[in-house]
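Working notes, structure below.
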Amino acid sequence: MSNKGTELEYEKLSNLITAIILSNNSFVGEIPTSIANLKGLRNLDLSNNNLQGRIPLSLSNLTAIESMDLSSNMLSGNIPQQLSELTSLEFFDVSDNLLTGPIPRGKQFDTFGKSSFDGNPGLCGGPLSKKCDNSEASPPEEDPHSESVFAFGWKTVVIGYASGTIIGVILGHIFSTRKYEWLAKTFHLQPKANGRRRRVERHRQQM
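What follows is the structure, given as structure tokens:
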């Protein structure tokens, strides 16, 4: 807090403040993320103002919050999915804003009625009659064409490898059984002298 140019820090204050009720004013700007530092906050009411921007993701750190009213503002963007993890949240109202996207699913959010989200033409799912399409409700699917190309590429590699292995085995068998003459005749290679004949001729020359 600032008093006559002097800033004072009250470390225990964050746990002592249990309610912020600032409804029916003309506040503008965005919701300050520093509100999330108030660990003891149980009631947050910022309704009926002119607040803009997104709902801060940091509000999911308010683990003791029981009531959150952000209705009748000009908030935009999605409702953070992490807010559905606030197990102590019993009242939630974001009606009459400019919010878009799917309503988060969760144990607490499933208990909130249609009136908590009315007045947001871009919202879908949950208790609203507007259902989310596939692009909003689920992550994008992988391109099946790219998957088939990948699979085909691997099949080609495996077939090529298998073919090379078979050819190598056949050639090895030809050389091991001394059928090189057949291979030379077939592929027009230079004839290979017999190793035993070389040794005999060399022995005769020495004699």
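Heads up: the sequence shown is residues 1 to 207, going by UniProt numbering.
Ideal placement from N, C-alpha and C gives every residue a C-beta, glycine not left out.
Terminal residues of the beta strand (DSSP E) in which residue i lies
i, result
"residue 73", "That residue, residue 73, is in no beta strand (DSSP E); it is neither H nor E in DSSP."
"residue 89", "Per DSSP, residue 89 belongs to no beta strand (DSSP E) and is neither H nor E."
Coarse secondary structure for residue i, derived from DSSP in three states
i, result
"residue 16", "helix"
"residue 45", "strand"
"residue 108", "coil"
"residue 168", "Unreliable positioning characterises residue 168 in this predicted model, as indicated by a pLDDT of 48, which lies under 50. A coordinate reading is not provided."
"residue 113", "coil"
"residue 96", "coil"
Paired residues, beta bridge with residue i - DSSP
i, result
"residue 102", "124"
"residue 29", "51"
"residue 65", "In the DSSP output, where bridge partners are listed per residue, residue 65 has none listed."
"residue 21", "45"
Sub-9 Å separation of residue i and residue j beta-carbons
i, j, result
"residue 24", "residue 51", "no"
"residue 38", "residue 55", "no"
"residue 69", "residue 96", "no"
"residue 88", "residue 71", "no"
"residue 102", "residue 124", "yes"
"residue 98", "residue 120", "yes"
"residue 264", "residue 116", "Here the chain comprises residues numbered 1 to 207, so residue 264 is not present and cannot be evaluated."
"residue 15", "residue 28", "no"
"residue 75", "residue 53", "yes"
Notebook entry, point to check: Touch check for the stretch 100-112 and the stretch 55-63: three-plus C-beta pairs under 8 Å?
Noted result: no
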